[in-house]
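Taking it in order: structure first as structure tokens, then the write-up.
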Amino acid sequence: MIETEQTVTVNCNINSTWTYAKDFQRWASIMPGYQSCEMEDEDNSLWVLKVGVGAMVRTVKVKVCVVDWAGPERVDFTYKLLGDPVEGNGSYIATPAGSDQTAMTLKVRIVGSGPLAPMWEAMCGPVLPKFARSFAEQLKGRIEEFNDASAATTPTPTPSAKIGLFGRFTAWLRRCFGRA
362 MIETEQTVTV NCNINSTWTY AKDFQRWASI MPGYQSCEME DEDNSLWVLK
412 VGVGAMVRTV KVKVCVVDWA GPERVDFTYK LLGDPVEGNG SYIATPAGSD
462 QTAMTLKVRI VGSGPLAPMW EAMCGPVLPK FARSFAEQLK GRIEEFNDAS
512 AATTPTPTPS AKIGLFGRFT AWLRRCFGRA
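Everything in the sequence shown is counted per this note's numbering, starting at 362 for the first residue and increasing by one.
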């Protein structure tokens, strides 16, 4: 079994965050190798992903089931790779984090079975936190874009920031040698 928990701060209030996050088809579209998402009903979906390592690429089907809708604060789900000995569960947890911000936590647990499970878990263990963090950051970005929050909260770069390190260094040299 491998698991991770990743938290990001979304620059939207909890209700605006939920407006986007409650649609699991949107979650599926962020997954690497996304091919399609078929909603069977409100709680069950089938995600088709093309995954691979090096030259080995294959299509997997993931059955995702929401077991508890408690939004806007929480969603608990399970998933199972069809035809593979891998399943797991996870949670989406959201809490207000100040004025117009939401702390969004994603918890993911993967359980492999069969004789190759220890090797599979050893290989995937270090990758899962990075993957979950990347996924959480992408979800945050999509939520903010959907709510047009990123433009309102992104600071405008100062003139010195626009110049960059090399530009600032060159300007410093010019000042030092009287060519400013």
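Glycine included, every Cβ here is placed at the ideal spot set by N, Cα and C.
Buried versus exposed call for residue i [16 or more other C-beta atoms within 10 Å across all chains shown]
i       : result
Lys-491 : exposed
Thr-420 : exposed
Val-425 : buried
Trp-430 : exposed
Leu-443 : exposed
Contact test: residue i Cβ vs the ligand ADP heavy atom, cutoff 7 Å
i       : result
Glu-434 : Absence of the ligand ADP from the depicted structure is noted, as is the absence of any ligand whatsoever, leaving it without description.
Residues near residue i by beta carbon distance below 7 Å, same chain, minus five either side
i       : result
Gly-473 : Pro-446, Val-447, Trp-481, Glu-482
Gly-413 : Arg-419
Tyr-395 : Ala-389, Leu-410
Backbone secondary structure at residue i - three-state DSSP
i       : result
Asn-374 : coil
Lys-501 : helix
Met-392 : coil
Glu-364 : strand
Glu-399 : strand
Alpha-carbon to alpha-carbon, residue j and residue i
i       : j       : result
Ala-382 : Leu-477 : 34 Å
Asp-461 : Gly-475 : 46 Å
Trp-379 : Ala-416 : 38 Å
Cys-398 : Val-423 : 9 Å
Asp-404 : Val-428 : 7 Å
Arg-494 : Val-488 : 10 Å
Val-436 : Glu-401 : 18 Å
Cut-off 8 Å between Cβ atoms - residues of its own chain near residue i, not counting five sequence neighbours on either side
i       : result
Arg-503 : Tyr-381, Arg-387, Ile-391
Any C-beta of chain C under 8 Å from that of residue i
i       : result
Phe-385 : This model lacks chain C altogether; it includes just one protein chain.
Cut-off 6 Å between Cβ atoms - residues of its own chain near residue i, not counting five sequence neighbours on either side
i       : result
Glu-364 : Arg-470
Ala-497 : Gln-367, Val-369, Leu-467
Quick check for students: name the residue ranges of the beta strand (DSSP E) that lie wholly in the segment 428–503, counting only runs of 3 or more.
Here the runs fully enclosed are 435–442, 447–457, 463–473.
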